[in-house]
Amino acid sequence: MTRPSGRGEWERAKESEHGNLQGDNRPSRESFSKVTMGFDSGDERCSGWLYRPDRPAEPPVVVMAGGLAGDRSFGLPNYAERLAEAGYAVFLFDYRNHGDSGGDPRNLVSPSRQRADWEAAIEGVRTRDGLDTSNLVLWGTDLGGGHVLDVAADDPRVRAVVSQTPIRSGRAFLTTRGYGFLAKTVFSGIRDRLQSFAVGPYTVPIAGNPEEFALVSTPGARRGYLDTVPSDAQWTNETPARSLLNLARFSAGSDLDSVTCPVLLFGGTRDDVVPIESVADAADEISDATFVSLPVGHFDTYEGSGLDHVIGHAVAFLDAELDN
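Mind the numbering: the sequence shown is residues 1 to 324 in UniProt numbering, read in order.
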């Protein structure tokens, strides 16, 4: 395993091959196209955006999705556009119950369903003409970062993985706020399941302040999360309380020895949502892993210098590892 710092070897390689990404360098829409693409998962229709660069004719493809109750429009298009400018196709999709994908109740977090959505999205991409699916990459953030590790362990055709601040244990994620929070999770989840049969779901905030009972409530989480939400998003800051019960049962990365492709993992030294130590531990368990430590918080990588650093490292990593 290699451990470049936030200003380490991947960034230097990136700057020498593609130019420095610091500053306002938003891609021109003339360098890529964007179309809506759907696929079926379970009994629902899921939706995503396929970003295709003008060249090469058959680009490598990155399958990408987000994390905790977020839509695909929450910060992730910044990654997709930069990757498309660098010559990578990107399929950025919504899980069931989120965004433009089908499924009720809205914003329900179900790790088992999301895992199935990843597999269905990958299958849909592999049947699409004009993409080099022999060079297929997975990119996931927090909860999605855990999913991509599990999918790669089971799918040897995955060529590389980018796992950004991955959540590996839902129980550990919840108990950092104390066992009283975990007890309230159980009570609220049961109430939601019972209430849903009669009057609809019992909901809790997705992003809240530290004194609130919310899916994410570390200091700064509410502001950081909501800053990623587009102003025109048709989204409400609430999730069925059973989402926390579902998350408590979530565990990823139990079979990291089976991940044979190269993996790039990002952790933030100021991340109070996903501790950087848990990301470093995951990197230690993967045979071909590169761990990048960045001086950022959990929500600092969606714009500005945090975004520039992530893209700089990721493009250099993919350029080095794929058969371009």
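Yeah, the Cβ is synthetic: ideal placement off N, Cα and C, and Gly gets one too. Being a predicted model, the structure only gives us computed values, none of them experimental.
- prompt: With distances taken from CA atoms, which of S41, D43, S287, L68 is nearest Q164?
  reply: L68
DSSP beta-bridge partners of W49: T36, L92
field: Expected contact under 8 Å - CB spacing of P105 and P201 to nearest Å
entry: 5 Å
field: Nearest neighbour of F74, chosen from Q234, L136, R168, V204 [CA to CA]
entry: Q234
message: Determine whether the beta carbon atoms of G292 and L149 lie at a separation below 9 Å.
response: The sequence as given places Val at residue 292; Gly does not occur at that position. Their beta carbons are not under 9 Å apart, which means V292 does not touch L149 by this criterion.
query: In terms of residue numbering, what span does the beta strand (DSSP E) encompassing residue 362 cover?
result: A query on residue 362 cannot be resolved here, the shown segment of the chain reaching from 1 to 324 and no further.
query: Quick one: any contact between the segment 152-169 and the segment 251-258, if contact means 3 or more CB pairs under 8 Å?
result: yes
- request: Label R82 either buried or exposed according to how many other C-beta atoms from any shown protein chain fall within 10 Å of its C-beta, with 16 as the threshold for buried.
  value: buried
field: Buried or exposed (CB count within 10 angstroms, at least 16 for buried), G267
entry: buried
- request: Pick out whichever of S31, L50, H147 has its Cα sitting closest to the Cα of V109.
  value: H147
message: Measuring only the C-alpha atoms, how far is F299 from L76?
response: 12 Å
- prompt: Roughly how many whole angstroms lie between the Cα atoms of K14 and A320?
  reply: For K14, the predicted structure reports a pLDDT of 35, less than 50, and the residue's modelled location is therefore unreliable. A value from the coordinates is still provided. Distance between the alpha carbons of K14 and A320: 10 Å.
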